[in-house]
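Following our numbering, the numbering of the sequence shown begins with 509 at its first residue and continues without gaps.
Each residue gets a CB set at the ideal place from its N, CA and C atoms; glycine is no exception.
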Amino acid sequence: MHLIIFGAPGAGKGTQAELLKSKAAVAHISTGEILRDAVKRETPLGVKAKAIMEKGELVPDELVVGIMKDALQDPKSDNGFILDGFPRTVPQAESLVEVFKEMNIDDVVLLVLDAKDDALVDRLTNRRACKECGKIFSLAEVEGKSECPSCGAKNSFYQRDDDKEDVIRNRLEVYRKSTKPVLDYFADKADVVTVDAMRPIDEVAKEVNEKLKLG
Ligand SMILES: [Zn+2]
């Protein structure tokens with residue numbers, strides 16, 4: 509399986525990608541996760557990326573393309589991959605198509621998780637992250653709890669800067685402007701599968717499995 513997963517911030521890309529990863533035993537390559545890890549470890553890339561990400565803007569193409577190329581050519585991706593958060597611009601998409609050609613990959617599927625902006629703002633401002641393990645929860649999942657359900661850390665929940673409303677509106681705007689042209693670019697280069705993402709996680713997953721013929 510060679511999949512690129514698309515959706516505005518908050519549409520559930522990470523969650524659906526993790527479910528697909530277990531189901532199809534492929535690598536989940538998340539630009540956001542790779543970048544946040546670099547920020548945390550304060551690598552040169554991380555320091556550069558941090559200032560840009562805090563404003564809700566996109567990290568420059570040459571930084572992202574380099575990271576993604578390494579991840580695609582890693583042996584972990586031999587059995588297939590799910591790209592999450594990349595490509596976000598037409599130049600990134602063009603670079604990616606070149607990499608696919610070099611790697612003889614010609615069966616790419618685009619999975620689009622479709623959702624309306626207001627619903628996404630609602631969902632995202634109600635998210636909390638654990639500063640120890642990085643896992644993200646809905647407010648309802650952690651309200652009144654002091655321990656992280658995932659790693660057990662105490663009082664570790666916080667609202668990520670990129671989950672605040674003005675930043676979210678900006679991210680949605682950036683998404684609309686830059687990602688839609690990417691979908692158009694791929695229209696004649698990959699199979700496109702669209703799913704309504706504003707439903708419970710298991711319902712979305714079921715439809716994804718059916719449409720990708722994973723049973
Ligand atoms: Zn945790």
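Checklist line | Where the beta strand (DSSP E) through residue 694 begins and ends | finding: In the DSSP assignment, residue 694 falls outside any beta strand (DSSP E) and within the unbroken alpha helix (DSSP H) covering 673–694.
Check: Excluding the five sequence neighbours on either side, which residues of its own chain have a C-beta within less than 6 Å of the C-beta of residue 582, listed in chain order?
Finding: Around residue 582: no qualifying Cβ.
Margin query: Which residues neighbour ligand 1 when neighbourhood means a C-beta less than 6 Å away from any of its non-hydrogen atoms? List them by chain order.
Written below: The set, ordered by position in the chain, is 638, 640, 641, 643, 656, 658, 659, 661, 664.
Next item on the list: List in chain order: all unbroken alpha helix (DSSP H) runs of 4+ residues lying wholly within the stretch 596–674.
Entry: Considered as a whole, the stretch 596–674 harbours 598–610, 625–633, 647–650 as its complete alpha helix (DSSP H) runs of no fewer than 4 residues, in chain order.
Note to self: If you reduce the DSSP assignment to three classes, tell me which class residue 511 lands in.
What the structure shows: Three-state DSSP puts residue 511 in a strand.
Note to self: For the alpha helix (DSSP H) containing residue 710, name the first residue and the last one.
What the structure shows: Taken as a continuous stretch (DSSP letters only), the alpha helix (DSSP H) holding residue 710 covers 709–719.
Item checked: Cβ-based neighbour list, residue 535, same chain, cut-off 6 Å, excluding 5 preceding and 5 following -> Result list for residue 535: 584, 585, 589, in chain order.
Notebook entry, point to check: So, residue 705 versus residue 515, is the Cβ gap smaller than 9 Å?
Noted result: Against a cut-off of 9 Å, the Cβ pair of residue 515 and residue 705 comes out as a contact.
Checklist line | As assigned by DSSP and simplified to three states, the class of residue 572 | finding: It is helical.
Check: Out of 509, 511, 517, which has the shortest C-alpha to C-alpha gap to residue 681?
Finding: Measuring C-alpha to C-alpha distances from residue 681 to each of 509, 511, 517 identifies 517 as the nearest.
Checklist line | Residue burial classification, residue 688 (beta-carbon count within 10 angstroms, cutoff 16) | finding: Counting Cβ neighbours within 10 Å, residue 688 comes out exposed, since fewer than 16 surround it.
Notebook entry, point to check: With contact counted as at least three CB pairs below 8 Å, one residue from each stretch, are the stretch 651–665 and the stretch 530–544 in contact?
Noted result: Of all C-beta pairs linking the stretch 651–665 to the stretch 530–544, fewer than three are shorter than 8 Å, placing the two stretches out of contact.
Next item on the list: Specify whether the stretch 618–636 and the stretch 601–610 touch according to this definition: at least 3 beta carbon pairs, one from each stretch, less than 8 Å apart.
Entry: The stretch 618–636, when compared against the stretch 601–610, does not touch it at the 8 Å Cβ threshold.
Next item on the list: Taking residue 631 as the reference, give the member of 640, 648, 669 with the closest Cα.
Entry: Comparing alpha-carbon positions, the option among 640, 648, 669 lying closest to residue 631 turns out to be 648.
Notebook entry, point to check: When we look at the beta-carbon of residue 555 and count the other beta-carbons within 10 Å, is it buried (16 or more) or exposed?
Noted result: Exposed is the label assigned to residue 555, since fewer than 16 other Cβ atoms lie within 10 Å of its Cβ.
Note to self: Out of 714, 662, 563, which one is the CA nearest neighbour of residue 527?
What the structure shows: Here the closest residue by C-alpha is 714.
Check: What residues in its chain sit with their C-beta under 7 Å from that of residue 683, if we drop five residues either side in the sequence?
Finding: Excluding sequence positions up to five before and after residue 683, its CB lies within less than 7 Å of the CB of 516, 517, all in the same chain and listed in chain order.
Check: Any C-beta of chain C sitting closer than 9 Å to the C-beta of residue 651?
Finding: Absent here is chain C; the protein component of the structure consists of one chain.
Next item on the list: Below 8 Å on the Cβ atoms is my guess for residue 703 versus residue 719; work out the distance and round it to an integer in Å.
Entry: Between the beta-carbon of residue 703 and that of residue 719 there is about 7 Å, and that keeps the pair under the 8 Å contact cut.
Checklist line | Simplified DSSP state of residue 547, which is helix, strand or coil | finding: Helix, per DSSP.
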